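Undergrad: Structure provided below as structure tokens; questions to follow.
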Amino acid sequence: MNPIKDLCTQETGTPTVLQGNIAFAAGCVRYGIHAVDGYPGTPSTEVIDKGLSQVQDMITVGWSVNEAAAVAMGHGHSLGGNDCVVTMKIPGLFQAGDPFASSAFFNDDRGALIYYIASDYTPSSTQHLVDPRPFIKSCFTPILEPRNHQEFHDAPEIAADLGRECNSPVVIMASGTLCHSEGLVRLSPIKKREKVELTVPLKTFNTLPGVARKNYDRVVTERLPKLLEIVEKSTLNRWDRGAGKVGVVTYGVSDLMVREVKQSLGENIDILSLGFTYPLPMKLIREFYESIDGTLYVIEDGYRYLQDEMLRQGMHVEGKSETETLTEWSPAEIAARVGYSIEQMETPSVQPLMRPPMICPGCPYRLFGEIVRKMKKRGKLESVFGDIGCNTLLYFMDAVDTNLCMGASEANRSGYVLANPEKASKVLSLLGDGTETHSGLDATRNALFRQVPGVKVILDNSWTAMTGGQPGPTSPVNLAGQKNSFDLQASLAAHGARVLVADGYDKKGVEQVLKDGLTAAAEGEFVTVVITGVCIRKMPKSAHGTKMQVDRELCVKCGMCQICPGILLDKEGAPHFNNNCSGCLSQAAACGQMCPKGAISPIAKQEGASVNARPALPVAPEGIELPNFAGLSLPEKIAVAIRGVGGQGNLFFGKVLTQMAFLAGYGETNVVKGETHGMAQMGGPVISTFSCGKVCSPVLLPGTADCLVTMEKSEILRQGFLDMLKPGGTVLMASTRVFPYGVDEDQYPTDQEIKDVLAGYKIVEVDVLAEALALGDASGRSANVVMMGALSKLAPFGDFPEELWLKALKNVSPKPAIWTANYAAFNAGKKLV
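In numbering that gives the first Met the number 0, the protein residues as written are 0 to 832.
Here it is in structure tokens:
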């Protein structure tokens, strides 16, 4: 049985630690939701991708081509009697604005239509920070905002019951912090929901203007009063009484941040925490307001939704000023706002490296990006109109200029060319295959319809890669494994476009199709260029393992090969490959095609030797028996923060720690893990936090971490990181240095500079990457497990029996081959301290 099916079938009340999205997914199945539809959008993606895709025999689930289609699918499910959840992020809501608004005003019995909308107010992976609550309010659609992982797990039933009771769609809006953090959940009862039988003809669900007028009136006079009564009496509203001198009104994940401040700092704060943000329980809010003989603060993410509502009602509250840019509170910011001073260190004189997110080493887009960069440098191209997806990251190669929203690149280019006809052969539009089939085809048709000459480039990697490789119309199969019949190139041709195709790993081929396309554009033609190459994360294992080498006698140190973080220059300017090199997954290596002397080639091809040979590893135990914990004294609270670079395994590190804490009995109090997702995964800076015991928030207060771990040496310098360490805590630092694209060794902080910043701190430095490589892990990915072994020897983690670490490690990755490698890596790490 797979882990997700376990979650969906285990006994009611079973405690476990789950990521927010997975807790929600399990809740959908356990509470009997009939169907889930959606479109991938970080931070909502895992609900279907990692969760419900694994239990398709228990629930109807699938990806639609865009959010508008998913909403319409959901509405259709509800008309068919199903309770249906539709998943998306906030920009997806606006893409689906028309069907969302139109379906909000029906008033007759049908299945529940529930929207799970994930916010991202950092943002980590979203193009704007618009607060959607006013729009949702204008549609008279209730908004439920879960505060913790348990409420997130229980939200499907609450929303479905409310939707049926009020004949209304319901929005569940969850913060990205909650979506991607992990927390304690007790599994819900398993229930079966009967389908709803329609009591009116389907023709009732029509949006003719006369019908729309009647529907609106019924919503305002019937649905709204019922919703107001429900939210005022809801048991989801929590009033925690204090001294009545300082009050906080909050909702959603901000509740956890407020409680972290109250618990950690001993602040005597009255808290009113709301379950619903539309409609607002204004009578209850007024009662709370009048009970506070002092300052009342509003703590909320987004802009000033609740605060403005309270101000309009004549309540004098403090929150954010009209011009304040804060969109997501941390415990430190809350503490400062309510008057508690937290000492923070001065910004170090030496700064960490800028780490823009980058496309993966070996990505089929990389050669295209380098070719376009050079064309721009030589004046053959002036600008590139980019889009949302992996192609966005070509901005950091100077191969993309503008970016707006899903599918907008070609329409942007067309408008620009109509304003500047002479630019038709000097600009490109660019997007991926997933975005083209999401909404980009509209702009393709528009360019042909308007007869705007130019070149549109579609980077076709066959998957929705930016969000983790979900299937789309250009993939071999859909989520259910059914073969796709859509043909992108045939569709473009059927639209009337000329289609040019090149392999992304064929430098000369890419150069030729771009040249041909721009020549045609100069002659007044619209051309689509398709660059093919499967996303490297979806390539078969047989394609992995190719390693490259440089012939020192042929190399002239020209630097032409420097297009990828997998190949670096030493101090003498000679190139060498590191553990990031993917060998372009057995394709024609990009760096090799850039080399004018033919000095780069695959090792195996020349030497005929296996590049995958590994040393003999110790035999890992099949079973791990946990010791008797009677009398074991563990700390009341433990916290650790882990920094690194996307791809180093921070998220896995945190998962093992949460499992270990849970096994140790901290599930009786709390276990929380926070993490960064989104574009930061692609080579950008990443932070994970872990805490257990008397804790609330996945975001740590300064001065509360027992240990700081850095998987990359210079990341210790990242602003605010050292502030997290408590007095007497330890910094466990890897010697590993990761160079962003275009950064050489001279720009990296020196060892002495880092040492000076860390003066006075307890530092333990370990070379975990070298140990991983010595164990035969050519990718170095097991360095995070080596680091776990080192951490297990330091206080307070040394108090945990070794069996707990190993059991947790095996629980997270039980496959025999991975367990064997991890066992060896963990033991190697122990020897470093």
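Don't be surprised by glycine CBs; every beta carbon is placed ideally from N, CA and C. Note that this is a predicted model, so its numbers are computed, not measured.
Thinking C-alpha only, which one of A816, T675, T324, D119 is nearest G40?
TA: Translated into the one-based positions of the sequence shown, residue 40 becomes position 41. Nearest option by C-alpha distance: D119.
Undergrad: Do S340 and I298 have their beta-carbon atoms positioned less than 7 Å apart in this structure?
TA: Here residue 298 refers to the residue found at position 299 of the sequence shown. Here residue 340 refers to the residue found at position 341 of the sequence shown. No.
Undergrad: Under 8 Å: do the segment 135-144 and the segment 259-266 share three or more Cβ pairs, one atom per stretch?
TA: Cβ pair count under 8 Å is below three, so no.
Undergrad: Should V16 go down as buried or exposed, given a rule of 16 or more other Cβ atoms within 10 Å for buried?
TA: The residue given as residue 16 occupies position 17 in the sequence shown. Result: buried.
Undergrad: T473 and D432 look like a contact to me (Cβ under 8 Å); what is the Cβ gap, rounded to whole Å?
TA: Here the question's residue 473 lines up with position 474 in the sequence shown. Here the question's residue 432 lines up with position 433 in the sequence shown. About 4 Å; that satisfies the 8 Å criterion.
Undergrad: Any idea what DSSP makes of W818, helix, strand or coil?
TA: Translated into the one-based positions of the sequence shown, residue 818 becomes position 819. Reduced to three states, the DSSP call for W818 is helix.
Undergrad: Quick one: give me the first and last residue of the alpha helix (DSSP H) that S290 is part of.
TA: As a first step, residue 290 must be located in the sequence shown, where it is residue number 291. From DSSP, the alpha helix (DSSP H) with S290 extends over 281-290.
Undergrad: Would you grab the beta carbon distance between I530 and F367 for me? Rounded to a whole angstrom, and I think it's under 8 Å.
TA: Start at 1 with the first residue of the sequence shown, and residue 530 comes out as number 531. Start at 1 with the first residue of the sequence shown, and residue 367 comes out as number 368. Confirmed, about 5 Å.
Undergrad: Measuring only the C-alpha atoms, how far is V685 from F738?
TA: Taking the sequence shown and counting its residues from 1, one reaches residue 685 at position 686. Taking the sequence shown and counting its residues from 1, one reaches residue 738 at position 739. Straight-line Cα distance between these residues: approximately 15 Å.
Undergrad: Can you have a look at N205 and say buried or exposed, based on whether 16 or more other CB atoms are within 10 angstroms of its CB?
TA: Start at 1 with the first residue of the sequence shown, and residue 205 comes out as number 206. Classification for N205: exposed.
Undergrad: With C-beta atoms as the reference, is L841 less than 7 Å away from M659?
TA: Because the chain here runs from 0 to 832, residue 841 falls outside it and cannot be looked at.
Undergrad: DSSP state of C389, grouped into three classes?
TA: Counted from its first residue, the sequence shown places residue 389 at position 390. Helix at C389.
Undergrad: Could you give the DSSP three-state label for W62: helix, strand or coil?
TA: Here residue 62 is taken as the residue at index 63 of the sequence shown, counted from 1. DSSP places W62 in strand when its eight states are reduced to three.
Undergrad: Could you tell me the alpha carbon to alpha carbon distance between G582 and E770, rounded to whole angstroms?
TA: Here the question's residue 582 lines up with position 583 in the sequence shown. Here the question's residue 770 lines up with position 771 in the sequence shown. Distance between the alpha carbons of G582 and E770 is about 22 Å.
Undergrad: Evaluate the contact criterion for the segment 522-540 versus the segment 485-504: three or more CB pairs, one atom per stretch, below 8 Å.
TA: Yes, since at least three Cβ pairs between the segment 522-540 and the segment 485-504 fall closer than 8 Å, the two stretches touch.
Undergrad: Sort out for me which residues DSSP pairs D459 with in a bridge.
TA: Walking along the sequence shown from the start, residue 459 turns up at place 460. In DSSP, D459 forms a bridge with T531.
Undergrad: If we ignore side chains and look at the alpha-carbon of each, how far apart do G544 and A69 end up?
TA: Position 545 of the sequence shown, counted from the first residue, corresponds to residue 544. Position 70 of the sequence shown, counted from the first residue, corresponds to residue 69. Roughly 39 Å separates the two Cα atoms.
Undergrad: Tell me whether F576 sits in a helix, a strand or coil according to DSSP, three-state version.
TA: Looking up residue 576 in the sequence shown gives position 577. Note: F576 maps to strand in three-state DSSP.
Undergrad: Can you confirm whether the segment 104-117 touches the segment 162-182 when touching is taken to mean that 3 or more C-beta pairs between the two stretches lie within less than 8 Å?
TA: Contact holds: three or more Cβ-Cβ distances are below 8 Å.
Undergrad: Extract the residue ranges of the beta strand (DSSP E) inside the segment 543-593, only unbroken runs of 3 or more that lie entirely within it.
TA: Whole beta strand (DSSP E) segments, 3+ residues: 547-549, 566-568, 574-576.
Undergrad: Quick one: complete alpha helix (DSSP H) runs, 4+ long, within the segment 185-256?
TA: As far as the segment 185-256 is concerned, its whole alpha helix (DSSP H) runs of at least 4 residues are 208-217, 223-232.
Undergrad: Whole angstroms is fine: what's the gap from G406's alpha carbon to L447's?
TA: In the sequence shown, counting from the first residue as 1, residue 406 sits at position 407. In the sequence shown, counting from the first residue as 1, residue 447 sits at position 448. Distance between the alpha carbons of G406 and L447 is about 15 Å.
Undergrad: How many angstroms separate the CA atom of P813 from the CA atom of T688?
TA: Position 814 of the sequence shown holds residue 813. Position 689 of the sequence shown holds residue 688. Computed Cα separation, rounded: 23 Å.
Undergrad: From this set, F628, K754, E332, V742, which residue's C-alpha is nearest F799's C-alpha?
TA: If you number the sequence shown from 1, residue 799 lands on position 800. Ranking the options by Cα distance to F799, first place goes to F628.
Undergrad: Assuming G532 and Y504 make a contact with CB atoms under 8 Å, what is their CB distance in whole Å?
TA: By one-based count along the sequence shown, residue 532 stands at place 533. By one-based count along the sequence shown, residue 504 stands at place 505. Yes, they are in contact, since the Cβ atoms of G532 and Y504 sit about 6 Å apart, within 8 Å.
Undergrad: Between the alpha carbons of E421 and A519, how many angstroms are there, rounded?
TA: Translated into positions along the sequence shown, residue 421 becomes position 422. Translated into positions along the sequence shown, residue 519 becomes position 520. Cα to Cα, E421 sits roughly 13 Å from A519.
Undergrad: Per DSSP, what kind of secondary structure is G471 in: helix, strand or coil?
TA: Counted from its first residue, the sequence shown places residue 471 at position 472. Correct three-state label for G471: coil.
Undergrad: Which residue marks the beginning of the beta strand (DSSP E) containing F689, and which one marks its end?
TA: As a first step, residue 689 is located in the sequence shown; it is residue number 690 there, counting from the start. Counting along the chain, the beta strand (DSSP E) containing F689 begins and ends at 684-692.
Undergrad: Taking the CB atoms as reference points, tell me whether D130 and G241 lie closer together than 7 Å.
TA: Against the sequence shown, residue 130 aligns to sequence position 131. Against the sequence shown, residue 241 aligns to sequence position 242. In this structure, G241 does not lie closer than 7 Å to D130 by Cβ.
Undergrad: By how many angstroms is the C-alpha of Y760 removed from the C-alpha of G727?
TA: Position 728 of the sequence shown holds residue 727. Position 761 of the sequence shown holds residue 760. Going from the Cα of G727 to the Cα of Y760 covers about 8 Å.
Undergrad: Under a Cβ-count criterion, where at least 16 other Cβ atoms within 10 Å of its own Cβ denotes burial, should M353 be classed as buried or exposed?
TA: The residue given as residue 353 occupies position 354 in the sequence shown. Exposed, because fewer than 16 other Cβ atoms sit within 10 Å of the Cβ of M353.
Undergrad: Can you tell me which of the three DSSP states M57 falls into?
TA: Looking up residue 57 in the sequence shown gives position 58. In the structure shown, M57 sits in coil (DSSP, three-state: anything other than H, G, I, E or B).
Undergrad: For S791, which of helix, strand or coil comes out of DSSP?
TA: Walking along the sequence shown from the start, residue 791 turns up at place 792. Of the three classes helix, strand and coil, the one that applies to S791 here is coil, per DSSP.
Undergrad: Looking at the unbroken beta strand (DSSP E) that takes in M405, where does it start and where does it end?
TA: Counting from 1 along the sequence shown, the entry for residue 405 is found at position 406. From DSSP, M405 is part of no beta strand (DSSP E); its letter is neither H nor E.
Undergrad: Would you list the residues sitting across from C83 in a DSSP beta bridge?
TA: Taking the sequence shown and counting its residues from 1, the one referred to as residue 83 is at position 84. Partner(s): A34, L112.
Undergrad: Taking the alpha helix (DSSP H) that D441 falls in, what are its first and last residues?
TA: The sequence position of residue 441 within the sequence shown is 442, counting from 1. Residues 440-449.
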